[in-house]
Amino acid sequence: MSKELSIVVPAFNESERIVPSLGKILAYIRENSLDAELIVVDDGSTDDTAEVAARTAGEYGEISTNIIRNRPNRGKGNAVKTGLLAATADIALFSDADLSTPIEEAEKLTAPIANGEMDVTFGSRALDRSLIGAHQPWRREQGGKVMNFVIRKMSGLRFADTQCGFKAFNMKKFRPLLDVMTVDRFGFDVEFLFVAKYHGLRLAEIPVRWNDVEGSKVSVFRDTRRMFSELALIRRNAKNGVYDLNEK
């Protein structure tokens, strides 16, 4: 029997941060009596992320938990796709492992989908910056603003923040689109939203609470270069019909 909500958490070398995050997610499920499942995708970690996640989940034995191990590391985008494909619920939420957006914000994203108003919803740090508690260092924050400008120009998406790691999906409509996704790393968020819009799904950017959490694996220099390359790939894919479902 399918669940009402699948929560997907991609993780790479997160053994030091994932215990409190998973504890909060599992407690949220329990306290709200949700018919939900937790899916943790260990993306080729070299530490004991998977074992730590399994031990934490074991403390909430009544909650369905699936620990998936990707070998080798294939990127956050691939980990999220793997988790979404394993989801059994009609609504799936993906959250970064650091819970920079508190799990209590989930209903802001899932309710519009459950109500039939939207198909894809995603958290935004930019629409209401008063909701940001702990800010990123100034240079990283300004770099994010520049990158979002580039994303808007190159992708045609008119959203203020595509990169927040807190997104929800109507899986009946979004699952078929996963077959045409090609970006496994930093730019996967943009591709998810681009392909959803390309196929006429209803998208909503929703302000959420957010706090910077130390330990981010994002490199401004490396990932900015990678984003340019992946945005160019998305544009080529659209031009060449890669995102057309056809008989897939």
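For the sequence shown, the positions run 55 to 302 when the numbering used here is used. Backbone N, C-alpha and C define an ideal beta-carbon position, used for all residues, glycine too.
Cβ-Cβ distance between residue i and residue j below 8 Å
| i | j | result |
| --- | --- | --- |
| Leu92 | Ile79 | yes |
| Thr136 | Leu147 | no |
| His189 | Asp266 | yes |
| Cys218 | Gly187 | no |
| Ser149 | Ile61 | yes |
| Thr103 | Ser69 | yes |
| Glu161 | Tyr82 | no |
| Arg263 | Asp152 | no |
| Pro261 | Leu181 | yes |
| Thr216 | Leu185 | no |
Residue i - DSSP class collapsed to helix/strand/coil
| i | result |
| --- | --- |
| Lys258 | The sequence shown places Ala at residue 258, not Lys. In this structure, Ala258 counts as strand in the three-state DSSP scheme. |
| Thr110 | helix |
| Arg290 | helix |
| Lys221 | strand |
| Ala81 | helix |
| Val244 | helix |
| Gly177 | strand |
| Arg125 | coil |
| Asn202 | helix |
| Phe148 | strand |
| Ala99 | The amino acid occupying residue 99 in the given sequence is Ser; Ala does not appear at that position. In this structure, Ser99 counts as coil in the three-state DSSP scheme. |
| Val234 | helix |
Exposed unless 16 or more other CB atoms sit within 10 angstroms - verdict on residue i
| i | result |
| --- | --- |
| Ala286 | exposed |
| Asn169 | exposed |
| Asn300 | exposed |
| Gln196 | exposed |
| Phe220 | buried |
| Gly131 | buried |
| Ala65 | buried |
| Ser154 | buried |
| Phe203 | exposed |
| Val200 | exposed |
| Glu105 | exposed |
| Pro126 | exposed |
| Arg179 | buried |
Spatial neighbours of residue i in its chain, beta-carbon cut-off 7 Å, leaving aside the 5 residues before and after
| i | result |
| --- | --- |
| Ala258 | Pro166, Met172 and Thr175 |
| Lys302 | Below a pLDDT of 50, predicted positions are generally treated as unreliable, and Lys302, at 43, falls in that range; no measurement from the model is reported. |
| Tyr114 | Leu80 and Arg84 |
| Val134 | Val62, Pro64, Phe148 and Phe242 |
| Pro156 | Arg263 |
| Arg206 | Arg212 |
CA nearest to the CA of residue i, picked from the options
| i | options | result |
| --- | --- | --- |
| Met208 | Met225, Cys218 and Val244 | Val244 |
| Ser99 | Leu76, Leu211 and Asn67 | Asn67 |
| Leu211 | Thr103, Val73, Phe148 and Ala250 | Ala250 |
| Tyr252 | Asn291, Val106, Val62 and Arg263 | Asn291 |
| Gly112 | Leu76, Gly241, Leu185 and Val134 | Leu76 |
| Asn124 | Ala140, Glu116, Ser118 and Thr110 | Ala140 |
| Met281 | Asp101, Pro74, Leu247 and Val237 | Val237 |
| Thr142 | Arg206, Gly198, Phe228 and Asp101 | Phe228 |
| Glu116 | Ala90, Glu268 and Ala222 | Ala90 |
Own chain partners of residue i with C-beta closer than 6 Å, once the 5 adjacent residues on each side are dropped
| i | result |
| --- | --- |
| Arg239 | Gly129 and Gly131 |
| Leu121 | Residue identity check: residue 121 is Ile in the sequence provided, not Leu. The residues are Val94, Ala104, Ala107 and Ala108. |
| Phe213 | Glu259 |
| Glu284 | Val237 and Gly241 |
| Arg256 | Met172 and Asp173 |
| Ile288 | Glu245 and Phe248 |
| Asp101 | Asn67 and Ser69 |
Sequence-distant residues of its chain with Cβ nearer than 8 Å to residue i (five each side left out)
| i | result |
| --- | --- |
| Asp144 | Ser56, Glu58, Asn224, Met225 and Lys226 |
| Asp298 | Val234 |
CB contact check: residue i to chain B, cutoff 8 Å
| i | result |
| --- | --- |
| Gly177 | Judged by its chain identifiers, the structure shown contains no chain B, having just a single protein chain. |
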